[in-house]
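Counting from 1087, one number per residue, gives the positions in the sequence shown under the working numbering.
Using N, Cα and C, we set each Cβ at its ideal position, and we do this for glycine too.
These numbers were taken from a predicted model, which means no experiment stands behind them.
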Amino acid sequence: MEVKRLLFWILLLRSPLYPKMHLVHILPDHFHLGPDAYEILWKLTMITASLGISAFVVFFWRTILAVKPPVYQVTLQQISAKINNFVKENRQLAENISIMEQKIKDSKKHLQETRRQNKILSHEALKFKDNIKTIERANEYLNDLLQSSHARLRSVTSQNVKTPNLIQEKENSAKNMKDALLANTSAISEFESAFNEACVKEVEVKPEELREQNIQLNTEKNQLQDANAEFKDSELRTLRIKNCELIEGEKNLKDICDALRSVKAEKEMELKMLKRNEAFLIEFYEQRKMAAEEKLKKKQCEWMERENQLSTAEENLKLVSGEAHNYKQQIERMQEELQQEEISFRHQISLLEKKAQDNRIKGRILEREMAEQSREAAYLRHRLAIIEKQGLQEKYGVPKLVQGRPGTQRPPGRDTGPGMAPMTNSNSFPTKDVQKGQVSMDARGPFPFAGPPSMPYPMGCPLSPLKGCGPLPPPPPWRPLGPHPVPPHLPDGEPV
């Protein structure tokens, strides 16, 4: 419908070449086939050609130029920016990985140092434990010595307690012996007195027997005295010896007690010093142990934190490696897609270039065809104008025009105004000239001209006269639109 409307309005409107002509006023009754008809046909061909070219351009624009990438409608700058961002992210990830590796190495070194310190502290703790064991053994030995010394002191004190009892017993026995000696001496004195009395009595009775008895008694007395003296001497000696021994033993016991007391005091001082040292060592060991435990706890906490950091770092490394792998895969996919898009774009560009070349070739071919058609139309118009002129000259007997510019020549007789045909004699030109002026058309079409196209006279450039023909006739006058006036008729009925 739009094409029909365009054709209708183009037919109604004036042509740009003939502003005083309208196609509607040419179509009525007296329509003579002439340059106007060929102009209409040429206009129709131009319209159809322009419509075909515009339809082809629209088809080309809607089908080929509207092709876009199917998935990624992005520009090369955006793709390059994304690739640069991915490269920067990969660099940052590589830097983060190197930093985490350095942190892991430092943490491993710190762990080794802490392990060494823990080993050193464990060795020191073992040494302290050995020292404590040796101190405990020394304390046990000293306790044994103290117990043995206490037992000796107790035995010595018991012996010291027993010695005065023995001395008293010895003194009592000595007293008893003295009492016995006194009793013996009293008994001996009594016996002597009784013996003397008896002797006196017996002397009186028997002096000889008394003498013998007296001698025996004296001997017995002497023996008794000797025995008593020996007994006294022996007992005294034994008592004196025992007393001296007891005194010496007492002195020795006192010396031993003093020595033991001094040893006990020294041992007590040593025990006090050892207890102080032990308490100091225990406190020092406990302090060192607490400090070591605190250090161990701190180291364990730090170690746990570092292990957690290492675990988190390993997890982050795994995540980062996974992300880097994903990014690499995405980059590879993007590169593959870019390559595919580049290949598709290049293929499309090559297709478009080929189509553009084909279109250029087709356009050149169309231009050549249009030029040839314009040449042929101009030639046909020129020939039609010549033939019409010759026919008019043959009909009306118009004399030959003088060579010169066609605008300066005027036919004789009537003035040709607008819409009036020139009055010529029909016998002015013979039929031979008409036959010479006719063009023989081949069945294949008009003969193509070589060289630049010669446009018809109404297109703005004058035509060169052909060989064998006279000067070119003037262009047909511009006739107003509307019904054409009927030419005058001769008396014979032929038009003028």
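Asked                                                                                                               : Found
Simplified DSSP assignment, three categories, for Thr1149                                                           : helix
Backbone secondary structure at Tyr1227 - three-state DSSP                                                          : helix
Through-space distance from Lys1219 to Val1349, alpha-carbon basis                                                  : 25 Å
Cβ neighbour criterion (16 or more within 10 Å) applied to Leu1478                                                  : buried
Local Cβ density within 10 Å of His1236, reported as buried at 16 or more and exposed below that                    : exposed
Proximal residues to Met1456 (C-beta, below 8 Å), its chain only, five neighbours per side dropped                  : Ala1135
For Thr1161, three-class secondary structure by DSSP                                                                : coil
Rounded distance between the beta-carbons of Ile1150 and Lys1441, thought under 8 Å                                 : 6 Å
Beta carbon of Tyr1413 nearer than 8 Å to that of Phe1214                                                           : no
Cα-Cα separation, Phe1142 to Met1132                                                                                : 15 Å
Touching by the beta-carbon criterion (3+ pairs, under 8 Å), the stretch 1184–1193 and the stretch 1382–1396        : yes
Local Cβ density within 10 Å of Trp1128, reported as buried at 16 or more and exposed below that                    : buried
Beta-carbon proximity of Leu1424 to Ile1126, cut-off 8 Å                                                            : no
Close-in-space but distant-in-sequence residues of the same chain around Leu1228 (CB under 8 Å, 5 per side omitted) : Lys1353, Glu1356, Leu1357, Leu1360
Sequence-distant residues of the same chain with beta carbon closer than 8 Å to Glu1409, five excluded per side     : Leu1179
Assigned exposure category for Arg1148 - 16 Cβ within 10 Å defines buried                                           : exposed
Whole-angstrom distance between Arg1461 and Ile1435, CA atom to CA atom                                             : 37 Å
Check whether Lys1346 and Arg1240 have beta carbons under 8 Å apart                                                 : The sequence shown places Leu at residue 1346, not Lys. Not in contact: Leu1346 and Arg1240 (Cβ atoms no closer than 8 Å).
Selected residue, minimal CA-CA separation from Met1420, among Arg1323, Leu1162, Val1144, Tyr1124                   : Leu1162
Cα-Cα separation between Ile1169 and Glu1418, rounded to whole angstroms                                            : 11 Å
For Gln1459 and Arg1469, the rounded distance between their alpha carbons                                           : 15 Å
Span separating the alpha-carbon of Arg1374 from that of Asn1225                                                    : 22 Å
Euclidean distance between Cα positions of Leu1231 and Asn1217                                                      : 21 Å
Reference Asp1175; option with closest CA among Gln1416, Arg1223, Lys1448, Val1144                                  : Position check: residue 1175 holds Glu in this sequence, whereas Asp was assumed. Out of Gln1416, Arg1223, Lys1448, Val1144, Gln1416 has the C-alpha closest to the C-alpha of Glu1175.
Three-pair Cβ contact test at 8 Å for the stretch 1366–1385 versus the stretch 1195–1212                            : yes
Residue environment, Arg1530, which counts as buried when at least 16 other CB atoms sit within 10 Å                : The pLDDT assigned to Arg1530 is 44, lower than 50, so where the model puts this residue is not dependable; a value taken from the coordinates is nonetheless given after this. With fewer than 16 other Cβ atoms within 10 Å, it is exposed.
Length at least 3, wholly inside the stretch 1317–1349: the beta strand (DSSP E) runs in chain order                : none
Nearest neighbour of Met1186, chosen from Glu1400, Gln1302, Asn1445, Arg1177 [CA to CA]                             : Glu1400
Inter-residue spacing [alpha-carbon to alpha-carbon] between Glu1276 and Cys1343                                    : 52 Å
Cα-Cα separation, Ser1244 to Glu1222                                                                                : 32 Å
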